[in-house]
Amino acid sequence: LEEQLRHAQKMEAIGTLAGGIAHDFNNLLTVIAGYASLIQFNSQGSEVASMAAEIQGSVERAAEMTRGLLAFSRKQAVNLMPVELNQLVEGLHKSLRRLITEDIELAVEVSSVPLIVSSDKGQLEQVLFNLVVNARDAMPSGGKLLIRTERLQLNHALITVADTGVGMSREVQDRVFEPFFTTKELGVGTGLGLSTCYGIIKKHNGIIELQSEPGAGTVFSIYLPLSEELPEADSAGGRAQWATGN
Ligand code: ADP
Numbered sequence: 272l273e274e275q276l277r278h279a280q281k282m283e284a285i286g287t288l289a290g291g292i293a294h295d296f297n298n299l300l301t302v303i304a305g306y307a308s309l310i311q312f313n314s315q316g317s318e319v320a321s322m323a324a325e326i327q328g329s330v331e332r333a334a335e336m337t338r339g340l341l342a343f344s345r346k347q348a349v350n351l352m353p354v355e356l357n358q359l360v361e362g363l364h365k366s367l368r369r370l371i372t373e374d375i376e377l378a379v380e381v382s383s384v385p386l387i388v389s390s391d392k393g394q395l396e397q398v399l400f401n402l403v404v405n406a407r408d409a410m411p412s413g414g415k416l417l418i419r420t421e422r423l424q425l426n427h428a429l430i431t432v433a434d435t436g437v438g439m440s441r442e443v444q445d446r447v448f449e450p451f452f453t454t455k456e457l458g459v460g461t462g463l464g465l466s467t468c469y470g471i472i473k474k475h476n477g478i479i480e481l482q483s484e485p486g487a488g489t490v491f492s493i494y495l496p497l498s499e500e501l502p503e504a505d506s507a508g509g510r511a512q513w514a515t516g517n
């Protein structure tokens with residue numbers, strides 16, 4: 272328990288730092304992008320224009336990173352409304368299949384009872400997307416990927432994403448949710464995938480944790496509180512709850 276508390280405190284501190292930096296960086300990036308496009312416009316056809324285009328490309332990558340950091344920190348709001356998890360997962364089946372390689376067998380098993388959670392659908396889809404990309408990277412020569420939903424006691428839903436990939440050492444497991452922690456080659460991984468997941472699930476009042484064994488595979492478990500409300504047909508005009516900034 273003490274270790275969990277220490278971990279939570281550490282993540283909280285990193286979140287505060289990351290959120291502050293990401294917020295200020297975003298403002299600076301907006302200025303840089305604005306001037307770069309002005310320079311590009313005023314120097315059309317010259318070498319300067321292609322340099323300005325390079326600047327814009329880098330700004331876009333930096334903006335992508337600050338978006339990841341914002342998702343991790345408390346600075347990005349979530350728009351929570353009732354969502355049925357089994358539908359969400361089954362609706363993603365095809366897109367997830369396209370994300371992974373052919374030598375990976377994908378199975379999706381949803382619970383027989385509906386699982387309504389208070390969720391930001393787009394962000395929850397992002398979480399599954401990130402977990403599946405990581406599972407793919409962990410199985411370079413193929414394997415099995417299982418995505419499951421189930422209802423737990425005490426009004427909770429559980430989503431598990433299990434792979435038969437390379438697994439992680441204890442040291443790696445302890446750090447995976449930190450922003451910028453990656454074991455992938457430079458330019459391949461940003462180390463923001465799982466920290467984004469962590470931030471999003473936290474804002475859903477949920478928990479994300481993992482079990483892993485080197486050489487055998489990894490299971491990510493996401494616990495979400497079930498909601499009493501029914502999902503609405505149209506998302507506009509739904510009773511939105513906004514997570515406040517600090
Ligand atoms: P990135 O994928 O850019 O490295 P992530 O935050 O998504 O960033 O993941 C951090 C690290 O956690 C990865 O570099 C990898 O070492 C480890 N990891 C994540 N998911 C898995 C998995 N399913 N199997 C093995 N290792 C994983």
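With positions in the sequence shown counted from 1, the corresponding number in the UniProt record's numbering is that position plus 271.
For every residue, glycine included, the Cβ atom is placed at its ideal position computed from N, Cα and C.
Closest in alpha carbon position to threonine 461, among Ile472, Lys473, Phe448, is Phe448. Bridge pairing for methionine 410: absent [DSSP].
With 16 or more other Cβ atoms inside 10 Å of its own Cβ, arginine 407 counts as buried. Ranked by how close their Cα comes to the Cα of arginine 441, the residues Thr489, Ala333, Glu361 have Thr489 in first place. When secondary structure is reduced to three states using DSSP, isoleucine 375 falls in the strand class.
In this structure leucine 300 is in contact with alanine 333, their Cβ atoms being roughly 6 Å apart against a cut-off of 8 Å.
For asparagine 297, the distance from the CB to the nearest heavy atom of ligand 1 is not below 7 Å.
Around the Cβ of tyrosine 469, a 10 Å sphere holds 16 or more other Cβ atoms; the residue is buried. The Cβ atoms of serine 344 and glycine 286 lie closer than 8 Å to each other. Residues of the same chain with a CB within less than 8 Å of the CB of glycine 486, apart from the 5 flanking positions on each side, are Val437, Gly438 in chain order. In the pairwise beta carbon analysis, the stretch 463-479 is classified as touching the stretch 397-406: at least three pairs are separated by under 8 Å. Following the DSSP letters along the chain, one finds leucine 429 inside the beta strand (DSSP E) bounded by residues 427-434.
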